[in-house]
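Novice:
There are 2 protein chains.
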Amino acid sequence: MIVNVAMLTLTNQFRLVSDPMSNETPDGTGRGGATSRREQLLSAAAELFARYGFHGVGIDDIGAAVGISGPALYRHFRGKDAMLGEMLTGISERLLHGGRARTVDTPDPLAALEALVAWHVEFALTNSALITVHLRDLDSLAEPDRHRVRELQRGYVEVWVDTLLQCRPELSEHTARASAHAVLGLINSTPHSARLDPTRMSELLHRMAMNALLADRRNGAGTDGV
Amino acid sequence: MIVNVAMLTLTNQFRLVSDPMSNETPDGTGRGGATSRREQLLSAAAELFARYGFHGVGIDDIGAAVGISGPALYRHFRGKDAMLGEMLTGISERLLHGGRARTVDTPDPLAALEALVAWHVEFALTNSALITVHLRDLDSLAEPDRHRVRELQRGYVEVWVDTLLQCRPELSEHTARASAHAVLGLINSTPHSARLDPTRMSELLHRMAMNALLADRRNGAGTDGV
DNA sequence: CAATGTAGTTAATGATCGTTAACGTAGCGA
DNA sequence: TCGCTACGTTAACGATCATTAACTACATTG
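And the structure:
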């Protein structure tokens, strides 16, 4: 819960305030296509949670990141837990639906797998903070939400497993699931990675993922078994 | 509370003794090769930090996990931060030294890469809690330690980059570094993964990692450039 | 046997944090 | 203009947490 020492908190707030918030208009109320306060807060919180962990970020830090202060957050969310809940269910739903959408009407299994890889790579490169939070703070979630997120995750992995099994029917389901997890780990490494420019990075990850999944289809990979 | 001090102490010691602490002799002071209290605490803390994050775990939780209660921890560590510091510098050193040891006197680059993969796979499967903490709570570290850990990490990745560049001289250093990060992500996915039995899992990860790194050496992988 | 060091205990302290209360203000429709 | 709503603010509350203090049991050593 507590960020180390007073020093660290001070440093945090200084960094936050002096941070040139880069994007988004200084507007606020969702007038045009502008980002609403809610979305501003969610995005800022995602960035903070990704760097310091859910318990390492205070309500005041989140507020400060969008220029309002502390408890003003309760005008938009039921609480800090609710923010995390919305964040994680949101990302899990987007992943699942995106994955399904890219595989349903793709009869060729190999093309479907390729589409799945492309989808996850794009998502991970575009939403690296969300990916980190997703991996990191799931256990900080209160019970109703946690269950839902785990269900969505399971469903997403299932899409991968099904597609992979169609491409490699010789794999056991266990092996396919472990392979899917491994490749997701590969692609999700982007937040920690020294990045190339986006297109190079995307190509590299795509190629590595496909090789990891398919490269030794026709070699003497004896122990894959039923 | 009505129970008096003697009672409570007795109860505690009874629980300690009767606790099926799985491993380790009921010794304590690091006489033989037995696990000392310090090591017990570090290992329990690693497990807890991995699941709940550094800020999500209290000093009392850590104590309770080894059968002592709360502040007794200060007999062994300077504080909670010191525990995390020791944990993370320890793992980083082990990784770096293990990696170096397995590559220095291995003239064949491909064999060296293979050894590196085998080393990291074994480490990740054996110490999955440490791997998780390592990825997750580095930013919860106080400054002197954080810097040291980052340096060790950089060194370890450098071992990977050097070895990989010897195997694939056509890669740019940037690409090699990104590839190393990606493969480490693949192998580090084990804590989140539905695991096979250890030998199957080890073989699978090994093969996927090598394929990710090497599979398209001789294909039309156009954009790898200098 | 006395002295000492080690490894525990409970209780108290001070800081931090999430949440709530009480209050202010600008915009807007009747 | 009146009152309502949306969106802020600061101050206070209660819980939690890391850390320290004060004290106790026990083994080892002189």
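From first to last, the protein sequence lines are chains A and B. Those letters in the first sequence? Residues 1 to 226, per the numbering used here, in order. Those letters in the second sequence? Residues 1001 to 1226, per the numbering used here, in order. Think of the CB as a built atom: it goes at the ideal place given N, C-alpha and C, for glycine as much as any other residue. Please read these numbers as outputs of a predicted model, since none were measured by experiment.
Does any residue of chain B have a CB that is nearer than 8 angstroms to the CB of N127 (chain A)?
Specialist: It does not; no Cβ of chain B falls within 8 angstroms.
Novice: Where does P1071 (chain B) sit, in a helix, a strand or coil, going by DSSP?
Specialist: DSSP places P1071 (chain B) in helix when its eight states are reduced to three.
Novice: By how many angstroms is the C-alpha of L1141 (chain B) removed from the C-alpha of L1073 (chain B)?
Specialist: Cα to Cα, the separation comes out at about 18 angstroms.
Novice: Do the CB positions of L1084 (chain B) and A1065 (chain B) come within less than 8 angstroms of each other?
Specialist: Against a cut-off of 8 angstroms, the Cβ pair of A1065 (chain B) and L1084 (chain B) comes out as no contact.
Novice: What in chain B is Cβ-close to M208 (chain A), meaning under 7 angstroms?
Specialist: Simply S1179, A1182 and A1212.
Novice: I want to see whether chain A comes within less than 8 angstroms of S1140 (chain B), judged by CB atoms only; does it?
Specialist: So, interface residue.
Novice: Using a Cβ-Cβ distance under 8 angstroms, would G70 (chain A) count as near chain B?
Specialist: Cβ-Cβ to chain B under 8 angstroms: no for G70 (chain A).
Novice: Rounded to whole angstroms, what's the CA-CA distance from A1209 (chain B) to V183 (chain A)? Just pull it up for me.
Specialist: Approximately 10 angstroms between the Cα atoms of the pair.
Novice: State yes or no: is the beta carbon of H1174 (chain B) nearer than 8 angstroms to at least one beta carbon in chain A?
Specialist: Taking Cβ atoms only, chain A reaches closer than 8 angstroms to H1174 (chain B), which makes this a yes.
Novice: Does any residue of chain B have a CB that is nearer than 8 angstroms to the CB of A194 (chain A)?
Specialist: Cβ-Cβ to chain B under 8 angstroms: yes for A194 (chain A).
Novice: Between H1055 (chain B) and H55 (chain A), what straight-line distance do the alpha-carbon atoms span, to the nearest angstrom?
Specialist: Each residue's alpha carbon lies about 5 angstroms from the other.
Novice: In chain B, which residues lie with their C-beta within 7 angstroms of the C-beta of Y74 (chain A)?
Specialist: Residues of chain B passing the Cβ test: none, with the nearest at roughly 22 angstroms.
Novice: Quick check: is the beta carbon of Y1156 (chain B) nearer than 8 angstroms to any beta carbon in chain A?
Specialist: Taking Cβ atoms only, chain A never reaches closer than 8 angstroms to Y1156 (chain B), which makes this a no.
Novice: The alpha helix (DSSP H) with R136 (chain A) in it runs from where to where?
Specialist: First-last of the alpha helix (DSSP H) with R136 (chain A): S128 to R136.
Novice: If the cut is a Cβ gap below 7 angstroms, which residues of chain A does M1201 (chain B) touch?
Specialist: Going along chain A in sequence order, the residues near M1201 (chain B) (Cβ under 7 angstroms) are A178.
Novice: Would the region 1165-1173 of chain B count as touching the region 164-176 of chain A if we require 3 or more Cβ pairs under 8 angstroms?
Specialist: At 8 angstroms Cβ cutoff, the stretches do not touch.
Novice: Only counting the same chain, and skipping five residues up and downstream in sequence, which positions put a Cβ closer than 7 angstroms to that of G1063 (chain B)?
Specialist: Counting only Cβ-Cβ distances below 7 angstroms, and skipping sequence neighbours, we find S1069, G1070, A1072 and L1073.
Novice: What span of residues does the alpha helix (DSSP H) with V161 (chain A) cover, start to end?
Specialist: Here the alpha helix (DSSP H) through V161 (chain A) covers E143 to C167.
Novice: Using a Cβ cut-off of 8 angstroms (strictly closer), state whether S1036 (chain B) contacts chain A.
Specialist: Chain A, which has no Cβ nearer than 8 angstroms to the Cβ of S1036 (chain B), makes this no.
Novice: Ordered along the chain, which non-local residues of its own chain (more than five positions away) have a Cβ less than 6 angstroms from that of G155 (chain A)?
Specialist: Answer for G155 (chain A): L96, listed in chain order.
Novice: Please work out which residues of its chain come closer than 6 angstroms, Cβ to Cβ, to E1112 (chain B), disregarding the five sequence neighbours upstream and downstream, and give them in chain order.
Specialist: One detail in the question is off: residue 1112 (chain B) reads as Ala in this sequence, not Glu. T1103, T1106 and T1163, listed in sequence order.
Novice: Take L88 (chain A) and list the residues in its own chain whose beta-carbon comes closer than 8 angstroms to its own, dropping the five residues that flank it on each side.
Specialist: The answer, listed in chain order, is V133, H134, D137, L138, L141, D145 and V149.
Novice: Please go through the same chain and pick out, in chain order, the residues whose beta-carbon is closer than 7 angstroms to the beta-carbon of R1177 (chain B), but skip the five residues on each side of it.
Specialist: Cβ neighbours of R1177 (chain B) beyond the five flanking positions: V1157 and V1161.
Novice: CB-CB under 8 angstroms to G229 (chain A), same chain, minus the five flanking residues each way: which ones, in chain order?
Specialist: Any question about residue 229 (chain A) goes unanswered here, given that chain A covers just 1 to 226.
Novice: Whole angstroms is fine: what's the gap from G1058 (chain B)'s alpha carbon to L1130 (chain B)'s?
Specialist: Taking the straight line joining both Cα atoms gives about 18 angstroms.
Novice: Should P191 (chain A) be labelled buried (16 or more other beta-carbon atoms within 10 Å of its own) or exposed?
Specialist: Classification for P191 (chain A): buried.
Novice: Closest to R1094 (chain B) by CA distance: which of B:L1196, B:D1081, B:F1123 and B:M1201 is it?
Specialist: Closest option to R1094 (chain B), Cα to Cα, is B:F1123.
Novice: Note down the Cα distance separating T1199 (chain B) from E151 (chain A), rounded to an integer number of angstroms.
Specialist: T1199 (chain B) and E151 (chain A): Cα-Cα distance of roughly 29 angstroms.
Novice: Using a Cβ-Cβ cut-off of 8 angstroms (strictly less than) and excluding sequence neighbours within five positions of L186 (chain A), which residues of its own chain qualify?
Specialist: Excluding positions up to five away in sequence, the list reads L205, M208, A209 and A212.
Novice: Against chain B, with Cβ distances strictly below 8 angstroms, would S92 (chain A) count as a contact?
Specialist: Chain B contact via Cβ: absent.
Novice: How long is the line joining the alpha carbons of R1195 (chain B) and N188 (chain A), rounded to whole angstroms?
Specialist: Looking at the two C-alpha atoms, the distance is approximately 18 angstroms.
Novice: Strictly below 7 angstroms CB to CB, what residues from chain B border D216 (chain A)?
Specialist: The contacting residues are R1207 and N1211.
Novice: Candidates A:S128, A:M201, A:S202 and A:L214: which alpha carbon is nearest A180 (chain A)'s?
Specialist: A180 (chain A) has its Cα closest to that of A:L214, out of A:S128, A:M201, A:S202 and A:L214.
Novice: Classify D1060 (chain B): buried if its beta carbon has 16 or more other beta carbons within 10 angstroms, exposed otherwise.
Specialist: D1060 (chain B) is exposed by the Cβ-count criterion.
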